[in-house]
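The opening position of the sequence shown corresponds to residue 1021 in this note's numbering, with each subsequent residue numbered one higher. Reviewing the structure listed below.
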Amino acid sequence: MSTSSSRKGQPTVLLCIGMAGSGKTTFMQRLNAHLHSKKRPPYVINLDPAVLKLPFTPNIDIRDTVNYKEVMKQYNLGPNGGILTSLNLFTTKFDQVLDFVNKRAPTLDHIIVDTPGQIEIFTWSASGAIITDALAATYPSVVAYIIDTPRTTSPATFMSNMLYACSILYKTKLPFILVFNKTDVVSHEFAVQWMTDFEAFQLALQKDTSYMSNLMNSMCMVLEEFYNNLKVVGVSAVTGEGIDEFFVAVDEAVKEYEEIYKPELERLIQEKARKKEDEKHAQLDKLMKDLEVSDSSGQAMDELDNERNSDENDDDNDDIHNDGDYEQMQRHQEQLEDQSFNRWIKQVNQSADSV
Ligand SMILES: Nc1nc2c(ncn2[C@@H]2O[C@H](COP(=O)(O)OP(=O)(O)O)[C@@H](O)[C@H]2O)c(=O)[nH]1
Ligand SMILES: [Mg+2]
């Protein structure tokens, strides 16, 4: 089998995302065991602060940094708020996590990431987006969307799961593998058939007499395009069935990342940097204008008080546009930005340490 998806220094990130109970953590364990058996142990990151027991030993565990029960108490939150806030606090330190990963990257083929039980905490939070983008900006990254196959056998649940997957695909903009898990209980053949044969899904819908079936009828036409862009595998995280096929899909997804996602990502990063630079210049220009105004009002006062001659005033104005002064002011502005950023980071670290 092939697990050659990674090149030297460029391990592949596998982000396990899925509904609560779909089997993300068990699948992580399977991936870990499989890669260990190939003598290519992965780098393992756990982002679920609320998991009680992990069936694998992570290299980085969010639970070492934040205690989610303490976060709940301190901020007066319920379980979901506690998990989300813990993830937010952890994200403020994600640059340190990336440093660890970068150091180990040259010896790695895969980085596998487990996400919180409740899907929306990762997929609809700023922290989830920051973590995903940070990883995807550095390494080829693939989303493994885990589906609880036995719980997806009714057309309505299948359709809502596919719509959710679709929303994540468009949000992350990363190569996507649909992993139909628990095939030891129910085979994923029905799902593959529904995705490839429009009429088969229509037939299944006819058995469903609810008012929803009309809506789903139209929805499945919309989803046809979505299905065309997907890789589908059936696995059993418990027995290990289908894991080789999963890694073949990962190899294809990495190629897709290099050909489609990476150039797009680089374009977006450049655009962002350009926008930031433009904003900085606009702010500096505004600052310069403000200074000119305050300087000329100062000059007016000077004229009244001291009856200074106009030549001197012209010289003063020229001084402001002098390149040396402009650069000095820019340096000063940058120093101020750095200082306030450092202060902010210090505050965040302090609040994270106190929980
Ligand atoms: N039969 C079967 N059960 C599974 C499989 N994968 C996970 N499970 C079970 O599904 C439940 C939820 O799994 P877990 O990995 O904790 O899900 P998570 O919330 O997505 O991390 C557990 O009871 C697992 O034993 C599988 O492939 N087959
Ligand atoms: Mg889990």
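For every residue, glycine included, the Cβ atom is placed at its ideal position computed from N, Cα and C. Only a predicted model underlies this, so the values are computations on that prediction, with no experimental measurement involved.
Closest Cα partner of residue i within the set the options
i        : options                                   : result
Thr-1032 : Gln-1116, Asn-1096, Lys-1044 and Val-1133 : Val-1133
Val-1252 : Phe-1200, Met-1179 and Ile-1289           : Phe-1200
Gly-1260 : Met-1039, Leu-1055 and Ala-1176           : Leu-1055
Leu-1288 : Lys-1113, Asp-1153, Ala-1053 and Trp-1144 : Asp-1153
Lys-1275 : Phe-1196, Gln-1222 and Asn-1248           : Phe-1196
Arg-1060 : Glu-1279, Glu-1291, Leu-1097 and Ile-1131 : Ile-1131
Ile-1039 : Thr-1085, Ser-1180, Glu-1286 and Val-1121 : Before going further, note that residue 1039 is Met rather than Ile in the sequence given. Ranking the options by Cα distance to Met-1039, first place goes to Ser-1180.
Glu-1211 : Thr-1192, Asn-1249, Leu-1194 and Ile-1167 : According to the sequence provided, residue 1211 is Ala. The question's Glu does not apply to it. Nearest C-alpha to Ala-1211: Ile-1167.
Lys-1193 : Asn-1234, Phe-1246, Pro-1175 and Phe-1221 : Phe-1246
Glu-1219 : Val-1255, Lys-1300, Ser-1238 and Thr-1177 : Ser-1238
Lys-1191 : Ile-1150, Arg-1171 and Asp-1204           : Ile-1150
Pro-1062 : Gly-1254, Asn-1052 and Val-1206           : Asn-1052
Glu-1140 : Asn-1122, Tyr-1165, Asp-1129 and Tyr-1088 : Tyr-1165
Tyr-1159 : His-1301, Glu-1297 and Tyr-1277           : Tyr-1277
Neighbour-count burial assignment, residue i, 16 or more Cβ in a 10 Å radius
i        : result
Ala-1185 : buried
Thr-1173 : exposed
Phe-1120 : exposed
Phe-1142 : buried
Leu-1034 : buried
Lys-1044 : buried
Val-1242 : exposed
Asn-1066 : buried
Leu-1311 : exposed
Opposing strand residues paired with residue i [DSSP bridges]
i        : result
Gly-1038 : Ile-1166
Thr-1158 : None; Thr-1158 has no bridge partner.
Leu-1198 : Tyr-1165 and Val-1252
Ile-1065 : Ile-1080 and Val-1133
Gln-1094 : Beta-bridge pairing links Gln-1094 to no other residue.
Val-1071 : None; Val-1071 has no bridge partner.
Gln-1213 : The partner list for Gln-1213 (beta bridge, DSSP) is empty, contrary to what the question assumes.
Integer Cβ distance of residue i from residue j, believed to fall under 8 Å
i        : j        : result
Thr-1135 : Cys-1240 : 28 Å between Cβ atoms; not a contact.
Ile-1263 : Arg-1050 : 6 Å
Tyr-1095 : Thr-1105 : 6 Å
Leu-1225 : Met-1215 : Not really, about 14 Å apart at Cβ, beyond 8 Å.
Ser-1145 : Leu-1109 : With a Cβ gap of about 12 Å, Ser-1145 and Leu-1109 do not count as contacting.
Val-1206 : Thr-1177 : Their Cβ separation, rounded to whole angstroms, is 12 Å, which puts Val-1206 and Thr-1177 out of contact at 8 Å.
Ile-1382 : Gln-1138 : The question about residue 1382 has no answer here: the residues shown for the chain are numbered 1021 through 1375.
Val-1075 : Val-1064 : It should be pointed out that residue 1075 corresponds to Pro in this sequence rather than to Val. Not quite, the Cβ-Cβ distance comes to about 11 Å (not below 8 Å), so this is no contact.
#### Entry: Neighbourhood of ligand 1 [Cβ distance below 6 Å to any heavy atom], ordered by chain position
In chain order, the residues with a C-beta atom nearer than 6 Å to some heavy atom of ligand 1 are Gly-1038, Ala-1040, Gly-1041, Ser-1042, Gly-1043, Lys-1044, Thr-1045, Thr-1046, Gly-1137, Asn-1201, Lys-1202, Asp-1204, Val-1205, Ser-1256, Ala-1257 and Val-1258.
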